[in-house]
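Let me begin by presenting the structure, written as structure tokens, before commenting on it.
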Amino acid sequence: MKKIIFFAVIALATAFSASAQQYKVITSVESIVPNGLGRSRIINALEDKDYKEFTSVQTEDDNTRNKSKRGEIRVKNFEETKLLNFYNVGGIRFQNIAANDAMITSMINDMVSNGWELAFVLSGVESEGGKGDGQGIFITRYIFKK
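Numbering-wise (my numbering), the sequence shown opens with residue 12 and increments by one.
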């Protein structure tokens, strides 16, 4: 009887630990600024933040505001991996795109080899807004889980 209870407790503990999940977001920012003037990077935060510390509740009766400073939100410990810009003086540079793909693939493979699973990929573009804008980025968020 003691063995049955022991194995039941172990099985229950395993079930609870298996359901706990951890997520990690890594972001790539690739410049689409003409003439290769932008900066492109893979960014990986090396510290955690609790969003609750910077969240306030807004109601009709009570405007309770979180008094934290913006500087407290900033992450100062992060990895920054250089990528190449999509454009150079001659226009779009396909070799740079291939090089960035190789770097991002290496990052994904490293995360997977460290026990992470690529769960989601989200991307967006803020491109040039018209004559004289000259701004733009292609941002991708890689969401891993374990």
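Note that beta-carbon positions come from the ideal geometry of N, C-alpha and C, so glycine has one too.
Computed from a prediction, not measured in an experiment: that's the story for all the values here.
Cβ neighbours of residue i in the same chain (closer than 7 Å, five flanking residues each side left out)
i   : result
R50 : S42
Where residue i falls: helix, strand or coil (DSSP)
i    : result
N55  : strand
T116 : helix
G49  : coil
R81  : helix
E64  : helix
V136 : strand
Those residues which DSSP pairs with residue i across a bridge
i    : result
N163 : Because residue 163 is not part of the residues shown, which for the chain are 12 to 157, the question remains open.
I154 : V36, F131
I43  : DSSP output for I43 lists no bridge partner at all.
Cβ of residue i within 7 Å of any chain C Cβ
i   : result
T92 : In the structure shown, chain C does not exist; there is a single protein chain.
Inter-residue Cα distance where the pair is residue i and residue j
i    : j    : result
K142 : K80  : 37 Å
G82  : D121 : 31 Å
F155 : T38  : 11 Å
K36  : W127 : According to the sequence displayed, residue 36 carries Val and not Lys. Their backbone Cα atoms lie some 11 Å apart in a straight line.
A130 : T116 : 15 Å
E64  : A31  : 22 Å
A110 : M118 : 13 Å
M114 : L94  : 8 Å
Own chain residues within Cβ distance below 8 Å of residue i, not counting five before or after
i    : result
V136 : I43, G147, I148, F149, I150
V132 : T151, R152, Y153, I154
Cutoff 6 Å; reference residue i; Cβ partners in own chain excluding five residues on either side
i    : result
N96  : S42, G47, G49, S51
I84  : F65
K157 : Q33, G126, W127
Within 8 Å, do at least three Cβ pairs link the segment 54-72 to the segment 83-90? At 8 Å Cβ cutoff, the stretches touch.
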